[in-house]
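Engineer: Dropping the structure in here first, questions after.
Residue numbers (the numbering used here): 126 to 353.
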C-alpha cells in the first residue's frame, strides 16, 4: 500500500541517506561518525539560538512565579545577567568571575547589583534564594556549593543528559563528544542529580524537565530538635 505524503521530502535528508549508503566504512564506524556529527550540529544550533529567548518563557514561569518581591536573590555564575535581571526582588546580586560579562550585565541591568568574584566568597551571605543556572556542571565539587550557606531555597538548572537517548550510546562507545559544552566537568542523569542533592542535605520541592533542561527548586529541611 502506498500512502500519499503530506509534505515534500527535504533535500538534505535525501542526500544524507544516499551518503550513508555510499560511505565505504563499517556500520560501527558510520555510527561513530554520525554521533559526532549530530553532537556538533546540536551544539551549533544551540549557540545560534542564544539571545533569541526561545526558552525564556518556560524558565520565567518556573523561576519567577516562585520568587516573592520581598525575597533577596543571589545568582552565582550570572554571566551577562539574563536570569537575575528578570527577577523581581527586594535585593538582586549577580556574581561572575568574568569581568567582560559583568560589564555587559551592568549596562543591561543598571538596577541590579553585580560583582566580579569567586562564587565561593558569597556562599555564606544571607539571601533568601540562591540561583545556580547552568553552573554546577562546570564545578569540580558541586556538592560543596550545595552544602554551603543557609539559603532558604535554591534554584538549579542543569543540562538534561537523559533528554537525548544517544548520549548513552556515546558513553558506551567512549566518544569524546558527549557533554553539551566542552568546558563541562560533568553532566548528570536525573537520578544522579537527585542523589547529589540528597547527599548535600537538600530536598527537591518541585522539578520539571523540558527542552533538554532539568529545573529544580531545592529546600533544606530544618534541623531536628535536640532531645533533652
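Glycine included, C-beta positions come from ideal geometry on N, C-alpha and C.
1. Sort 302, 151 and 343 by Cα distance to residue 163 and report the nearest one.
2. Going by the DSSP bridge assignment, what does residue 330 pair with across the sheet?
3. By DSSP, does residue 316 sit in helix, in strand, or in coil?
4. With distances taken from CA atoms, which of 344, 287, 153 and 328 is nearest residue 277?
5. Thinking just about the alpha-carbon of each residue, which of 347, 336 and 346 is nearest to the one in residue 171?
6. Pull up the distance between the alpha-carbon of residue 246 and that of residue 269, whole angstroms please.
7. Should residue 202 be labelled buried (16 or more other beta-carbon atoms within 10 Å of its own) or exposed?
8. Scan the region 178-218 and note each continuous alpha helix (DSSP H) run of 4 residues or more that stays entirely inside, going in chain order.
9. Compare the beta carbon distance of residue 339 and residue 318 with 8 Å and say whether it is the shorter of the two.
10. In the DSSP assignment, the beta strand (DSSP E) including residue 283 goes from what residue to what residue?
Structural biologist: Taking the structure as given:
1. Residue 302 is the option with its Cα nearest to residue 163.
2. Within the DSSP bridge table, the entry for residue 330 names no partner.
3. In this structure, residue 316 counts as helix in the three-state DSSP scheme.
4. Here the closest residue by C-alpha is 344.
5. The shortest C-alpha to C-alpha distance from residue 171 to any of 347, 336 and 346 is the one to 336.
6. In this structure, the straight-line span from the alpha carbon of residue 246 to that of residue 269 is close to 13 Å.
7. Label assigned to residue 202: buried.
8. Secondary structure within the region 178-218: the alpha helix (DSSP H) runs of 4 or more consecutive residues, fully enclosed, are 181-189 and 207-211 (chain order).
9. Contact flag set, yes.
10. It spans 278-284 - the beta strand (DSSP E) in which residue 283 sits, taken as one unbroken run.
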